[in-house]
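Right, one structure below, let's go through it.
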Amino acid sequence: MIEIGVHDLRVWTNDRHKTVDDSSYGGGPGMVMKVEPIWKAVRAVKKSLFCHSGLDPESRSLDSRFRGNDKGRVLAKKKRLKRRVILFSAKGRQFTQADARRLNKYDQLILICGRYEGVDERVAQHIADEELSVGNFVLTGGEIPAMIMVDSVSRLISGVLGKKESLEEESFSIGNRNLEIRKLGNYYLEYPQYTRPENFRGWKVPEVLLSGDHQEIKDWRNKKCKM
Numbered sequence: 009m010i011e012i013g014v015h016d017l018r019v020w021t022n023d024r025h026k027t028v029d030d031s032s033y034g035g036g037p038g039m040v041m042k043v044e045p046i047w048k049a050v051r052a053v054k055k056s057l058f059c060h061s062g063l064d065p066e067s068r069s070l071d072s073r074f075r076g077n078d079k080g081r082v083l084a085k086k087k088r089l090k091r092r093v094i095l096f097s098a099k100g101r102q103f104t105q106a107d108a109r110r111l112n113k114y115d116q117l118i119l120i121c122g123r124y125e126g127v128d129e130r131v132a133q134h135i136a137d138e139e140l141s142v143g144n145f146v147l148t149g150g151e152i153p154a155m156i157m158v159d160s161v162s163r164l165i166s167g168v169l170g171k172k173e174s175l176e177e178e179s180f181s182i183g184n185r186n187l188e189i190r191k192l193g194n195y196y197l198e199y200p201q202y203t204r205p206e207n208f209r210g211w212k213v214p215e216v217l218l219s220g221d222h223q224e225i226k227d228w229r230n231k232k233c234k235m
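Counting from 9, one number per residue, gives the positions in the sequence shown under my numbering.
In structure tokens form, the structure reads like this:
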């Protein structure tokens, strides 16, 4: 259903220290991630049929588990994965639920996680298809944004969630047919949820939810959807 690979950029370096960063041209604090190992890593992942961890730095068009297998070669040759290369950066466009739905349509996502002072701008210009951010704040690296995206996108894959309805009536959904949504664009925030006990420390569940009147409950939920 989902295959996730984690790749160490140091595999795609040539010097004895396995250097993946260097000082910034023009001066300034911190180190900048180098373009060369990122380019080599992305190229290797694209050439591999699968995205498993530990790719050989000289990985060719076939995944190692298919080498020497004629059927595998034919499959690898015919298979044209729909891919998207994403760079996480503070200056990227903010990632939204709409992006999760859009990216869910791809066969493979290659996520580049920044570190240190930043990433050589040539990665954004020539390697990544787009730059995304998870918010107006700074993190140590792009690993947490990558995990956020993996979770947000993968839960949209058929079979990941137990009930299809879980996707239909949730925050930031589009085109919900069960609710009259107060729109901000096409988005809404889900109505409040309650469960047992009915009364806890005097904090009571709204009576309408206990009424059993489905239309009244629907109307109440419509009113509580927040923009």
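The beta-carbon is built from N, C-alpha and C at its ideal position, and this holds for glycine as well.
Asked                                                                                                                                                                  : Found
Pull up the distance between the alpha-carbon of C121 and that of V19, whole angstroms please.                                                                         : 15 Å
Using only the alpha-carbon positions, how far apart do N144 and S219 sit?                                                                                             : 43 Å
Which of the three DSSP states is assigned to N22 in this structure?                                                                                                   : coil
R185 to N230, Cα distance in whole Å?                                                                                                                                  : Because R185 carries a pLDDT of 44, less than 50, the predicted location of this residue cannot be relied on, and the following value inherits that uncertainty. Answer to the nearest angstrom: the Cα atoms are 12 Å apart.
Go through its chain and collect everything with a Cβ distance to S67's Cβ below 7 Å, but skip five positions before and after it.                                     : Reliability of the predicted coordinates at S67 is poor, the pLDDT of 48 falling under 50, and the value obtained from them is presented with this limitation in mind. If we look at S67 and ignore the five residues flanking it on each side, its Cβ neighbours are A52, K55, S56.
Any idea what DSSP makes of I10, helix, strand or coil?                                                                                                                : coil
To the nearest angstrom, report how far apart L89 and D115 are at their CA atoms.                                                                                      : 6 Å
Evaluate A106 with the Cβ neighbour count: other Cβ atoms within 10 Å of its Cβ, from every protein chain shown; 16 or more gives buried, anything less gives exposed. : exposed
Using a Cβ-Cβ cut-off of 8 Å (strictly less than) and excluding sequence neighbours within five positions of E125, which residues of its own chain qualify?            : S32, G36, P37, G38, M39, V40
Along the beta strand (DSSP E) that carries L119, what are the first and last residues, could you check?                                                               : 116-120
Taking just the CA atoms, how far does V131 sit from L111?                                                                                                             : 20 Å
Quick one, which of Y202, R209, E138 has its alpha-carbon nearest V216's?                                                                                              : Y202
Taking 8 Å as the limit between beta carbons, can you name the residues of its chain near R92, skipping five residues before and five after?                           : L111, Y114, Q116, L117, I118, D137, E138
Alpha carbon to alpha carbon, how far is N22 from P45? Give it in angstroms, no decimals.                                                                              : 9 Å
Taking 8 Å as the threshold (beta carbon to beta carbon), is A49 in contact with chain C?                                                                              : In the structure shown, chain C does not exist; there is a single protein chain.
Which residue from E206, F208, W228 puts its Cα closest to that of E198?                                                                                               : W228
Suppose you measure from the CA of T27 to the CA of L17; what does that come to, to the nearest Å?                                                                     : 9 Å
Closest to I12 by C-alpha separation, out of E206, V161, K48, G34, would be which residue?                                                                             : V161
Considering Cα atoms alone, identify which of V146, A49, S141, G170 is closest to H1.                                                                                  : Residue numbering for the chain in the displayed model covers 9 to 235; residue 1 lies beyond these limits and cannot be assessed.
In whole angstroms, what is the alpha-carbon distance linking I156 and K99?                                                                                            : 17 Å
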